[in-house]
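The numbering of the sequence shown is the working numbering, which starts it at 56 and goes up by one. Here a beta-carbon is modelled for each residue, glycine too, at the ideal position from N, C-alpha and C. The structure presented is a predicted model; accordingly, all values stated were derived computationally and were not measured. Okay, structure first, notes after.
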Amino acid sequence: MTETEIMHQKMVKAQAILLGGCEPEIINQDVFKVPSTNGNWDYTVKKNIEDWTCTCPLHQKLTEAGINPANCKHIHVIRFWLEMKEGLDTEYLNKQYRKQDFHGCPKCEGFDVIKNGFRKNKSGKKPMFICKECNKKFSLKDEGFENMKFSPEIVSKALDLYFKGTSLRKVADHIKQFHNVNISHVIIYYWIKRYTKIISEYVNELNPELGDMWATDEMAIRVKHDGVCWGRKTTGKTMSKSKWVWMWNVLDNETRFLIATMVSKKKKVSDATKLFKQAKDNAGKKPKVVTTDGLPVYHKAFQKVFWDHHLSCEHISEVGIEDKINNNRVERFHGSVRDRDKVMRAMHNPDTSSEMLDGFRAYYNYIRPHMALDGKTPAEMAGIDLKLGDNKWKGLIDKAVQNKIPELLVIKEKTKDKETMDYWL
Numbered sequence: 056m057t058e059t060e061i062m063h064q065k066m067v068k069a070q071a072i073l074l075g076g077c078e079p080e081i082i083n084q085d086v087f088k089v090p091s092t093n094g095n096w097d098y099t100v101k102k103n104i105e106d107w108t109c110t111c112p113l114h115q116k117l118t119e120a121g122i123n124p125a126n127c128k129h130i131h132v133i134r135f136w137l138e139m140k141e142g143l144d145t146e147y148l149n150k151q152y153r154k155q156d157f158h159g160c161p162k163c164e165g166f167d168v169i170k171n172g173f174r175k176n177k178s179g180k181k182p183m184f185i186c187k188e189c190n191k192k193f194s195l196k197d198e199g200f201e202n203m204k205f206s207p208e209i210v211s212k213a214l215d216l217y218f219k220g221t222s223l224r225k226v227a228d229h230i231k232q233f234h235n236v237n238i239s240h241v242i243i244y245y246w247i248k249r250y251t252k253i254i255s256e257y258v259n260e261l262n263p264e265l266g267d268m269w270a271t272d273e274m275a276i277r278v279k280h281d282g283v284c285w286g287r288k289t290t291g292k293t294m295s296k297s298k299w300v301w302m303w304n305v306l307d308n309e310t311r312f313l314i315a316t317m318v319s320k321k322k323k324v325s326d327a328t329k330l331f332k333q334a335k336d337n338a339g340k341k342p343k344v345v346t347t348d349g350l351p352v353y354h355k356a357f358q359k360v361f362w363d364h365h366l367s368c369e370h371i372s373e374v375g376i377e378d379k380i381n382n383n384r385v386e387r388f389h390g391s392v393r394d395r396d397k398v399m400r401a402m403h404n405p406d407t408s409s410e411m412l413d414g415f416r417a418y419y420n421y422i423r424p425h426m427a428l429d430g431k432t433p434a435e436m437a438g439i440d441l442k443l444g445d446n447k448w449k450g451l452i453d454k455a456v457q458n459k460i461p462e463l464l465v466i467k468e469k470t471k472d473k474e475t476m477d478y479w480l
């Protein structure tokens, strides 16, 4: 058998290993692990400057005998796998950047541009372009992600996974496994705070077309904080205890649009009043009917916010599951929150809880499709179609930034000897 035939045989075996479901493990940029054919152990494959090495017995035996081992099947597995991954990544990037709005060359504003490879950085790679009119090389800027170390796809995926119920540490682990990018869970929490603020200020300006019946209910959720629990001060050694607090929600019966949500320590009239005022302000109108359970504070809060001499709004309390008018839809919404209960425990205090709830409200209304709404979002049912595209988080962030919220824009401040930048908080 000639050397060419032996090489061909190894390549065929490598392809068979990949087709059999083998998934190499990335140790670092140049080191990989490949499972053996019988699955009893792993072989380490390393990419050197001029060649490849493998810890499999055949490769080691040929090397010790002074015979050129060429490339064993495990090395071919890694080479084929990297080539396939490179092709998929390139196709995905091209698809993503074709969808972006192109505003012309940043230098001459011309539109006669061609693709010019990729620019690699720590977060991955970005397509580069060259203008045929002025020879300017550039990459497309993501307005909502400028000055970010990581790509918009990684940031938006982290947001999506978190609000779908994945913990911060598991989100970081997912990004490491599938994108080979090391990132701290603390950075992901920073992204959530940053983009929740941008998005919430944008969506709060939108005017949904809501129905005339609003369902209101409260649910208990557990929050946890080291050293301090809501409503309780601790002294001495650090404590880690949990406390039950109340999450209040107002949902539109027709569109399932989450109109208002808040968290409080207790169930007081002032809390229910604050909720109703928030719902009225967000909707820009009063409903004709408000349904609640039999909690007495609802009636008193209703009298303060919705009641008038014309009796234009009716309060129906003590609604049951089997009643003709019920709170079933808001109860089902509470089920969605329960699915994310462990994530919601990140609400360490009233400030952070407000940020988490704003983000969850945006996710529920604008990102998450609803089976009962034929795959549409509550926002689409309420007449708000933002055309966010496949990556809805990125689309929503882009829309929010394009809205030009003054306090969120990058501010350049010139000084005598240098230019300082005040970036988004």
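- Bridge partners of ASN237 according to DSSP: none are assigned.
- In the DSSP assignment, LYS192 falls outside any alpha helix (DSSP H) and within the unbroken beta strand (DSSP E) covering 192-194.
- Going by DSSP, THR328 is part of the alpha helix (DSSP H) stretching over 324-338.
- Cβ neighbours of GLY450 within its own chain (closer than 6 angstroms, five residues either side excluded): LEU443, GLY444.
- Where HIS370 is concerned, the enclosing beta strand (DSSP E) starts and stops at 369-371.
- The three-state reading of DSSP puts THR346 in strand, counting E and B together.
- When DSSP states are grouped into helix, strand and coil, ARG249 belongs to the helix group.
- CA-CA distance, ASN103 to ASP85, rounds to 7 angstroms.
- For LEU313, the enclosing beta strand (DSSP E) begins and ends at 313-319.
- Just so you know, the alpha carbons of GLY165 and ASP453 end up roughly 23 angstroms apart.
- Residue range 383-393 is occupied by the alpha helix (DSSP H) that includes PHE388, with no beta strand (DSSP E) assigned at that position.
- Excluding five sequence positions before and after VAL352, the CB atoms of its chain that fall closer than 8 angstroms to its own CB belong to LYS322, LYS323, VAL324, ASP326, ALA327, given in chain order.
- Among the bridge pairs identified by DSSP, TRP301 is matched with ALA275, SER319.
- Apart from sequence neighbours up to five positions away, the residues of its chain that approach LYS187 with a beta-carbon distance below 7 angstroms are ASP167, VAL168, ILE169, ordered along the chain.
- Boundaries of the alpha helix (DSSP H) harbouring PHE357: 351-360, taken from the DSSP string.
- Membership of TYR98 in the beta strand (DSSP E) is indicated by the continuous run 97-102.
- A contact is defined here as three or more CB-CB pairs under 8 angstroms, and the stretch 304-318 meets this definition with respect to the stretch 260-276.
- DSSP, reduced to helix, strand and coil, places GLU80 within a strand of the structure shown.
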